[in-house]
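Asker:
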Amino acid sequence: MNSDDRSARVAGLLYLLFIPTAGLTFGFGQFLLTGDATTVFANIESHRRFFEFAIFLGVVGFIDYIVVALLLYRLLAPAGRAAATLMVALVAVSVPISLAAMAARMDVLTMLDSRHLIAALNDDQLKAQVLLVVRHADNLLLVSAMFRDCGSSHTAGLSTAAASCRVSSAFC
112 MNSDDRSARV AGLLYLLFIP TAGLTFGFGQ FLLTGDATTV FANIESHRRF
162 FEFAIFLGVV GFIDYIVVAL LLYRLLAPAG RAAATLMVAL VAVSVPISLA
212 AMAARMDVLT MLDSRHLIAA LNDDQLKAQV LLVVRHADNL LLVSAMFRDC
262 GSSHTAGLST AAASCRVSSA FC
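Using our numbering, the first residue of the sequence shown is number 112, and each one after it goes up by one.
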């Protein structure tokens, strides 16, 4: 097995790991972070360990994504260096935004842990603040997805060296 074969296998394995790690972050938002402030607050409190685990897996997954992009660059640059470079650039923009979303979700945990210190807010105000931070994290993940999805379209097309990011209603 040559070096490229080994790198391809590692990239494939790491890409498969991206799905359950970072994917859980998106799935968590779809199921437990929807609804009004009271519902979201109650869901986070009642599933706190799962929320913490989703944040941890999100961080691992987004770091994994950088490694995958670098391995794919190494493998696919001979087929199209410009497209491979653009893919890495888009991932390099996407990942810090995703990590900022994970930090915002960590802020929610800080708010829950510090509620006795935030005497200026009553329960309804605290719940509203938590909801705003959750929505902020969701918005960061949406922005990140714009870059990530453009990078993915380049990766898919590199084998023919004809990859290009097409502008559409979803930006790419």
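We treat Cβ as the ideally placed atom computed from N, Cα and C, and that holds for glycine.
Where does ILE229 land, buried or exposed, given buried means 16+ other C-beta within 10 angstroms?
Answerer: exposed
Asker: Under 8 Å by Cβ, that's how I've got SER118 and ARG185 pegged, so tell me the actual separation to the nearest angstrom.
Answerer: 6 Å
Asker: Less than 9 Å between the beta carbons of VAL241 and PHE152, yes or no?
Answerer: The answer is yes: Cβ separation under 9 Å.
Asker: What's the call for ARG216, buried or exposed, on a 16-neighbour Cβ count within 10 Å?
Answerer: Counting Cβ neighbours within 10 Å, ARG216 comes out buried, since at least 16 surround it.
Asker: Which of the three DSSP states, helix, strand or coil, is assigned to ASP249?
Answerer: helix
Asker: Short of 6 Å in beta carbon distance, which residues of its chain neighbour THR136, apart from the five on each side in sequence? Order them along the chain.
Answerer: Once the five neighbours on either side are set aside, the close Cβ partners of THR136 are ALA165, GLY169.
Asker: Are three or more beta carbon pairs between the segment 175 to 184 and the segment 119 to 128 nearer than 8 Å?
Answerer: yes
Asker: Rounded to whole angstroms, what is the Cα-Cα separation between MET222 and ILE174?
Answerer: MET222 and ILE174 have their alpha carbons spaced roughly 26 Å apart.
Asker: Going by beta carbon distance, what residues of the same chain come within less than 7 Å of ASP115, once the five residues before and after it are set aside?
Answerer: LEU186
Asker: Roughly how many angstroms separate the alpha carbons of ALA194 and ARG259, rounded to a whole number?
Answerer: 14 Å
Asker: Starting from the Cα of ALA239, find the closest Cα among TYR126, ALA133, ALA148 and give me that residue.
Answerer: The shortest C-alpha to C-alpha distance from ALA239 to any of TYR126, ALA133, ALA148 is the one to ALA148.
Asker: As a quick exercise: from THR132, ASN233, HIS247, pick the residue whose alpha carbon is nearest that of PHE161.
Answerer: THR132
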